[in-house]
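Mapping to full-length UniProt numbering: the sequence shown position 335 is 335, numbers consecutive.
See below for the structure under consideration.
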Amino acid sequence: MTDILVAGAGPAGLATALLAARAGFDVRVIDPRVGAGGDSSPIDKACGEGLMPGAVAALRSLGVRPAGREFAGIEYADGRRRAVADFPAGPGLGVRRTALSSALLTAVVDAGVPVQAGSVRSVDQDDSGVTVDGQRCRYLIAADGLHSPISRLLALDRPAKGRQRWGQRRHFGVAPWSDRVQVHWSPHGEAYVTPVADDLVGVAVLSSEKVPFAEQLRWFPQIAERVAGSDGGPVRGAGPLRRRTTKRVAGRVLLVGDASGYVDALTGEGVAVSLACAQALVDCLHRGRPQEYEKRWRTASLRYRALTSGVLWASGRPVLRRRIVPTAAALPWVFRGVVGQLAR
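Following this line, the structure appears as structure tokens:
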């Protein structure tokens, strides 16, 4: 019997597997997108690709150092005003999602953890373990993303309240024009420009309007002008972004990463929060107290959920939305304080 089966080879799943292996557990990872031994192409996903300093530090504590481009802070802009705040203790890192996936996958395989292609179709559990498609494990970790099949199998999904939002991302072969992640605001959505290499930027747009990326880019003429004529990679999309679950612990099945619950990508904390929750999960299993993970998850994700929900609420009201950038520019110490919280 395997100690821990991790379903999902995204950052949350791979970090959980790596932490669990180092804690002495026998671990396996399955994901339909990888090959036996983790020898397939790295997994890509639509995301902003900016790692906050806290996420960079957490990855380094795991010995994972993906290639990327450092950025000093965050800049908000609306075409007329801008607000700038640098991180108080070290830079963030713009990292291609494929580079992050590859670095984590290499660390997991080097730790002796098998990574295999596979999907979870059935889950049955009893007092001593979980049977997943006929294979036994002591614990099943659901790290299978926003549309978690395992959560659906166990009836853990809750209806998402409020407006739905989606994200799209594309890369452009131009030199970064800022050493910060720029967040451009329009009445229709937000565009994130992240430097990920010396000759490449990623542009991610978040919006409740489901229209093609090329149309979304026209909402942000300053960005469109910068990337005009440059080679662009494929467009990747994700959503709806809001995800709610009834609980994170269902017997011997524990949820981590986006599968455990997600508010929005607005504040860019997804990877940092997932890594913190992965550490909390493994700590609980190591102490033989998986039931405590629910409380630890709530504590580890509280700041992200509260801050993101607050900004999302304000951004959904046109009068307040128009004031976000002007207020950040007029109250720079407040903006620096918010960015400092995001950096943790």
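Even glycine gets a Cβ: it sits at the ideal position worked out from N, Cα and C.
- Valine 132 has Val123 and Gln135 as its beta-bridge partners, per DSSP.
- Across the set Ser61, Ala89, Gly79 and Val34, the C-alpha of Gly79 shows the shortest separation from the C-alpha of isoleucine 223.
- Counting other Cβ atoms within 10 Å of its Cβ, glutamate 75 reaches 16 or more and is therefore classed as buried.
- Residue pairing from DSSP places histidine 184 in a beta bridge opposite Ala77 and Ala191.
- Under DSSP, serine 260 shares a beta bridge with no residue.
- A direct Cα-Cα distance of roughly 9 Å separates valine 263 from alanine 160.
- For glutamine 341, there is no enclosing beta strand (DSSP E); the enclosing alpha helix (DSSP H) has its first and last residue at 332-343.
- The segment 221-293 contains, as complete beta strand (DSSP E) runs of 3+ residues, the segments 236-238 and 253-255 (chain order).
- In this structure, threonine 308 sits near leucine 266, with a CB-CB distance shorter than 7 Å.
- Cβ-Cβ separation between alanine 259 and alanine 143: approximately 6 Å, consistent with a contact (criterion under 8 Å).
- One Cα belongs to arginine 138, the other to alanine 250, and the distance between them is close to 13 Å.
- A residue is called buried when at least 16 other Cβ atoms come within 10 angstroms of its Cβ; lysine 295 does not meet this threshold and is exposed.
- In this structure, the alpha-carbon of valine 84 lies about 9 Å from that of glutamine 182.
- Excluding sequence positions up to five before and after serine 301, its CB lies within less than 7 Å of the CB of Val273 and Cys277, all in the same chain and listed in chain order.
- Relative to aspartate 199, the option among Ser230, Trp297 and His286 whose CA is nearest is Ser230.
- When Val211, Ala328, Gly90 and Asp126 are compared, the shortest CA-CA separation from arginine 165 is found for Val211.
- Taking the Cα of glycine 24 as reference, the smallest distance to any Cα among Gly288, Arg303 and Arg236 is reached at Gly288.
- Here phenylalanine 335 has Ala83, Ala85 and Ala328 as same chain residues with Cβ atoms under 6 Å from its own Cβ, once five neighbours each way along the sequence are excluded.
- For the pair leucine 281 and valine 253, the CB atoms are not nearer than the 7 Å cut-off.
- In this structure the segment 50-62 does not touch the segment 108-119; the number of beta carbon pairs closer than 8 Å is below three.
- Boundaries of the beta strand (DSSP E) harbouring alanine 7: 2-7, taken from the DSSP string.
- For phenylalanine 25, the three-state secondary structure derived from DSSP is coil.
- Judged by pairs of C-beta atoms under 8 Å, the segment 119-131 does not touch the segment 213-223, as fewer than three such pairs exist.
- The three-state secondary structure of aspartate 157, taken from DSSP, is strand.
- As computed with DSSP, histidine 171 is found in a beta bridge with Gly202.
- Look at leucine 146 here: in three-state DSSP terms it is coil, with no helix or strand label.
- By alpha-carbon distance to valine 205, the top candidate from Val235, Pro176, Arg136 and Ala228 is Val235.
- Spatial neighbours of leucine 19 in its own chain (CB-CB distance under 7 Å, excluding positions within 5 residues in sequence) are listed in chain order as Ala278, Gln279 and Val282.
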